[in-house]
Amino acid sequence: MDILIALLPALFWGSMILFTVYIGGTAYSQILGITIGALLFALVEYGFASPEITAKVFWVGLASGALWTVGQIGQLQSIKKIGVALTMPISTGMQLIATTLFGALVFSEWHDAVTTGLGLSALLLILAGVFLTSAKPKGALSDAADSSKMRNALMMLTVSTLGYLSYAVLAAFFKVNGADAVLPQSIGMVLMALLLTAREKPYNRDTLKNILPGIVWAFGSFFMFVSQPKVGVAISFSLAQVAVAISTLGSIFILKEKKTPDQMKKVVLGIVLIIVAAVLLGIAKDY
C-alpha cells in the first residue's frame, strides 16, 4: 500500500502536463492557472494541517515557489515548440543531471566509490535515455525550422532546469521542511506568475480552466510528503520519476503526438533508462 501511495506523485505530476496541453491556452495563461490552482489547494491544506510557518519558512518558501514558476513556464514554452513527448524526457534528464551534480559538488553526496559509481552510471543512462527519446525518424532529413525550434526549446529548458534546481536546492540548503512551506511556496508561485505574465494579460477562460492542472500538481506534492515518511526519501524520489513515462506516453497515445514505430521503440527504451537512472540516484542518496 505504501508503494502505491508513493506512486501517486508520478501519476498526478505526469497527468498534469497532459491536462494542461489538452485544455490549451498560451504558456502564460497555463502557468497563471496552474499556480492559482496550487494556491487554492494550499489554502485548503493549511486550514486542515495548520503547519508552523516561521519567518524563515515563509521567505524561503516564497523564493523557492517563485523559482518553481520560472522552471515550469520554461517547460510549458518548450512544449509549445517541440511537444510533450520530446520536452518531458529532455527536461527530466536535465533536472536529474543538474540536481545530481549539484548534490555531488556542493552537498558532497558522492562520498565514496560506491555513490560515485552509482552517480556516474546514472548520468550516463540519463544521457543515453535523452538521446533515444529525442531521436528523429529513420531517414528524416535535417530541417532548418525544426533545428531552430529544438535550439529554442533547449534554451528554454536550460532556464527551466535552473529554476527547478534552485527551487529544489533552496529548501534543502536552509533545512526547511517542505510540508511547512507549501502555502508560502504557492504564494511565491502565483506572484512570479503574475510578474512573468503581466504584459500578456492572460486573464481569460483558458486561465480558469488551467486551475484544474494546478490542483492536480498540488495533489502530487501532497502525496509526496505523505509517502516520504513511509518509504523514505530515496524510494519516493525514484518512483516520482515515473511521471516522465506517464506524460511522454500519454502525449503519444492520448494527445496523438506522432511517432514512427522505430521512434516508439527508442522512446520506450529511453524512458526505461531514465527511470533506472533515477532508481540508481535514489540508492546513492540512501547509501
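Residues in the sequence shown are numbered from 37 upward in steps of one, following this note's numbering.
The beta-carbon is built from N, C-alpha and C at its ideal position, and this holds for glycine as well.
Residue nearest to Val-120 within the set Ala-189, Thr-243, Val-142, Gly-97 is Ala-189 (criterion: CA-CA distance). Counting along the chain, the unbroken alpha helix (DSSP H) around Arg-241 starts and ends at 241–245. When DSSP assignments are scanned along the region 146–210, the uninterrupted stretches of alpha helix (DSSP H) that are 4 or more residues long and fall wholly within it turn out to be 149–169, 180–209. Annotation for Phe-210: Lys-92, Val-96 place their beta carbon closer than 7 Å to its own, counting only its chain and skipping 5 residues before and after. Inclusion of Ser-222 and Gly-101 in the CB contact set at 8 Å is warranted, their separation being smaller than that value. By the beta-carbon neighbour count (other beta carbons within 10 angstroms, threshold 16), Ala-149 is exposed. Your pair Phe-255 and Phe-48 checks out as a contact, with CB atoms roughly 5 Å apart and the cut at 8 Å. Counting along the chain, the unbroken alpha helix (DSSP H) around Tyr-64 starts and ends at 63–85. By the C-beta criterion, the region 288–302 is judged not to be in contact with the region 140–158, since fewer than 3 inter-stretch pairs fall below 8 Å. Excluding its 5 nearest sequence neighbours in each direction, Ile-39 has C-beta neighbours in its own chain below 7 Å: Val-267, listed in chain order.
Counting C-beta pairs closer than 8 Å gives fewer than three between the region 211–221 and the region 136–146, which falls short of the contact rule.
When DSSP states are grouped into helix, strand and coil, Gln-277 belongs to the coil group. Between Thr-169 and Ile-307, the C-beta gap is smaller than 8 Å, which places the two residues in contact. One thing to note: Ile-59 has its Cβ within 8 Å of the Cβ of Pro-249. Taking the C-beta atoms as reference points, Tyr-82 is found nearer than 8 Å to Leu-219. Nearest in C-alpha terms to Phe-94, of all of Ile-53, Ala-215, Val-80, is Ala-215. Taken through DSSP and simplified to helix, strand or coil, Val-262 comes out as helix.
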